[in-house]
Ligand SMILES: [Zn+2]
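Residue numbers (the working numbering): 12 to 86.
Okay, structure coming up:
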C-alpha cells in the first residue's frame, strides 16, 4: 500500500537514470524517459497469461506489445 502520492517519496531518483531496454523494439533508453504500464505476457512453459509492470520506450511500443483483446482490460 502506498502511503504517499508524491513520486519522490517512493521513486529512487537514480533509478530513473538506469539504462533500460524496450521489451518490444529492443531500443535502449533511460528508464525515467520510458512509459510504465501494466502489461500482459504469456509464460512459455505453462501458457498461462499473467500481468506485470513493464517499462516501454513509448506508448507506441506498449500498444504493439499488448494483444488487442487485452487492451480492453486496462480501462
Ligand atoms: Zn520500444
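Heads up, the beta-carbon is just placed ideally off N, CA and C, and yes, glycines get one too.
Element boundaries [alpha helix (DSSP H), containing residue i]
i          : result
residue 27 : Careful: residue 27 lies outside any alpha helix (DSSP H) and carries neither H nor E.
residue 71 : 70-76
Boundaries (first-last residue) of the beta strand (DSSP E) holding residue i
i          : result
residue 66 : 60-67
residue 49 : 46-53
When the options are compared against residue i, the one with the closest alpha-carbon
i          : options       : result
residue 50 : 68, 73 and 69 : 73
residue 63 : 38, 20 and 81 : 81
8 Å Cβ cutoff met for residue i and residue j
i          : j          : result
residue 47 : residue 33 : no
residue 26 : residue 68 : no
Expected contact under 8 Å - CB spacing of residue i and residue j to nearest Å
i          : j          : result
residue 41 : residue 24 : Actually they are not in contact, since the Cβ atoms of residue 41 and residue 24 sit about 12 Å apart, beyond 8 Å.
residue 75 : residue 44 : That pair is no contact at about 18 Å.
**Prompt:** Got a list of residues with beta-carbon closer than 6 Å to any non-hydrogen atom of ligand 1, in chain order?
**Reply:** Put simply, the residues with a CB less than 6 Å from any heavy atom of ligand 1 are 33, 35, 36, 38, 67, 68, 69 and 72, in chain order.
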